[in-house]
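K.L.:
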Amino acid sequence: MTVTLSPLHIDCAFDAGNILVLDETNPSHTQLAIRPDTHSGHFQWFHFKVSGLTPGQTHRFSLNNASESSYKNAWDGYNAVASYDQKTWFRVPSQFDGKALSFEIKAEQEHIWFAYFEPYPRARHNQLIERAQQIEGVELLAHGRSVEGRDIPLLRAGNGAEGKRKLWLIAQQHPGEHMAEWFMEGVIDRLQANDATVQQLLAKADLYLIPNMNPDGAFHGHLRTNFKGKDLNRAWQDASVELSPEVFFAQAQMKQYGVDAFIDVHGDEEIPHVFTAACEGNPGYTQRIAKLEEQFRSTLCSVTPDFQTTYGYTRDEPGQANMTLACNAVGQAYDCLSLTLEMPFKDHDDAPNKLTGWSGERSKALAGAVLETLLTMVDDLR
Ligand code: GEM
Ligand code: ZN
183 MTVTLSPLHI
193 DCAFDAGNIL
203 VLDETNPSHT
213 QLAIRPDTHS
223 GHFQWFHFKV
233 SGLTPGQTHR
243 FSLNNASESS
253 YKNAWDGYNA
263 VASYDQKTWF
273 RVPSQFDGKA
283 LSFEIKAEQE
293 HIWFAYFEPY
303 PRARHNQLIE
313 RAQQIEGVEL
323 LAHGRSVEGR
333 DIPLLRAGNG
343 AEGKRKLWLI
353 AQQHPGEHMA
363 EWFMEGVIDR
373 LQANDATVQQ
383 LLAKADLYLI
393 PNMNPDGAFH
403 GHLRTNFKGK
413 DLNRAWQDAS
423 VELSPEVFFA
433 QAQMKQYGVD
443 AFIDVHGDEE
453 IPHVFTAACE
463 GNPGYTQRIA
473 KLEEQFRSTL
483 CSVTPDFQTT
493 YGYTRDEPGQ
503 ANMTLACNAV
513 GQAYDCLSLT
523 LEMPFKDHDD
533 APNKLTGWSG
543 ERSKALAGAV
553 LETLLTMVDD
563 LR
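Quick note: the sequence shown uses the numbering used here, first residue 183, plus one each step.
1. Which residue spans inside the segment 384-449 form an unbroken beta strand (DSSP E) run of at least 3?
2. Output yes or no for whether 8 Å exceeds the beta carbon distance between Phe527 and Phe299.
3. Tell me which residue opens and which closes the beta strand (DSSP E) that Asp371 is part of.
4. Answer yes or no: the CB of His293 versus the heavy atoms of the ligand ZN, is any distance below 7 Å?
5. Anyone know if the C-beta pair for Gly494 and Thr458 falls short of 8 Å?
6. Quick check on DSSP: helix, strand or coil for Ala195?
7. Going by C-alpha distance, which of Ser520, Ala434, Asn408 and His530 is nearest Gly449?
8. Give the straight-line distance between the Cα atoms of His191 and Thr184, rounded to the nearest whole angstrom.
9. According to the neighbour-count rule (16 or more other Cβ atoms, all chains shown, within 10 Å of its Cβ), is Ala378 buried or exposed?
10. Checking the sheet assignment: what are the DSSP bridge partners for Ile334?
11. Arg242 lies in the beta strand (DSSP E); which residues open and close that run?
12. Please say whether Glu462 and Leu519 have beta carbons closer to each other than 8 Å?
13. As a quick exercise: from Phe409, Ser188, Cys194 and Arg217, pick the residue whose alpha carbon is nearest that of Asn208.
14. Could you name the residues of the same chain whose beta carbon sits closer than 8 Å to that of Gly234, not counting the 5 residues immediately before and after it, in chain order?
15. What whole-angstrom Cβ distance do Gly353 and Met366 have, given they're in contact under 8 Å?
16. Smallest Cα separation from Glu424: which of Ala305, Lys412, Ala264 and Asp193?
17. For the alpha helix (DSSP H) that Phe272 lies in, which residues bound it at each end?
18. Identify, in the order they occur along the chain, each residue of the same chain with its Cβ nearer than 8 Å to the Cβ of Gln419, setting aside the five sequence neighbours on each side.
19. Using the three-state DSSP reduction, which class does Asn208 fall into: helix, strand or coil?
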């Protein structure tokens, strides 16, 4: 029996939406493309809603410009995420044929959302900041403004007493890396739980948290840049109020309060593992810093199966670090432990989850492991 499928409607006019419709006339196989960041050629992030699905029928979708994306080699082994309710997200088997990334769904409901990773909605960010300020000992210390004027809160957990270590965690400089703000929600959840780890850590240190460094890019469904087309993780030597006010704000706050440890939270398109990058290429790199980096990595490995040190970026040669990156710039300026923490858009293949791959929940759990790791070494940071 031939089933006549009703026409589909594809929509992305919402927070973090990104898709271009090439041809939606065939509801069995819709032809799509990913829209580049505004004022930049970068693209990889996608997020859109499909309505008009016929439950029980198979609908296929192709992102036809995938081979021209920023990380075209990252589509191999990648599976898209989908949700019927924007709460529970699951992986959809996807295929990259060297040009397009395609995936199909046997519809269970009339509509569905697809995305490159589980989105962290701006509304959830606003609730997170409100919730954080209700936690005893957590305050909104300052707030910056993005290019388009969106709020960039800096929270501090702890009383700012003299002599306490200052531990900075910033997230989502790259707006498509939504796992980063899921991680920050995990930090704030642990602050709210106020468990023994948090109490012991806050007795010795204050946490300085910027949960989203790039709200404009996140809202516009960008992968990599702010609303001036700047890659914020290449702006740490020449930040300006005009082109990179987000970084300019963070640097000013660091200068005001000081930094004893820094973690810049990111996501990685290609490597199916959680890993860190560090400051081995900095001109001011020392054995003290090398030891702290090793201590952090080996401890985090012992605390969670969702971290490893076998896979990651190629180490920088001595003196060859790109000092425009946050990790390197902050590590050099404050002579402190400074790391880029990378979570995968795919899965953490050392401990895979076939249903979800890497996810918001796993990003949140990793945050707790990082806090536990920081507690074990807070006395060694200086
Ligand atoms: C990366 S950080 C790149 C660090 N590279 C080395 N070799 N240390 C970036 O900004 O390109 C972070 C990210 O995009 O997730
Ligand atoms: Zn990044």
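For glycine and all other residues, C-beta sits at the position ideal for the given N, C-alpha and C. Everything numeric in this text was worked out from a predicted model, so none of it was measured.
P.N.:
Quick look at the numbers:
1. 387-392
2. yes
3. Careful: Asp371 lies outside any beta strand (DSSP E), inside the alpha helix (DSSP H) at Met361 to Ala375.
4. no
5. yes
6. coil
7. His530
8. 21 Å
9. exposed
10. Gly326
11. Thr240 to Leu245
12. no
13. Ser188
14. Ser188, Pro189, Leu190, His191, Pro209, Glu292 and His293
15. Per the sequence shown, the amino acid found at residue 353 is Ala instead of Gly. Between Met366 and Ala353 the Cβ distance is about 5 Å, and since that is below 8 Å, they are a contact.
16. Lys412
17. Where Phe272 is concerned, there is no enclosing alpha helix (DSSP H), although the beta strand (DSSP E) it sits in stretches over Phe272 to Val274.
18. Met505, Thr506 and Ala511
19. coil
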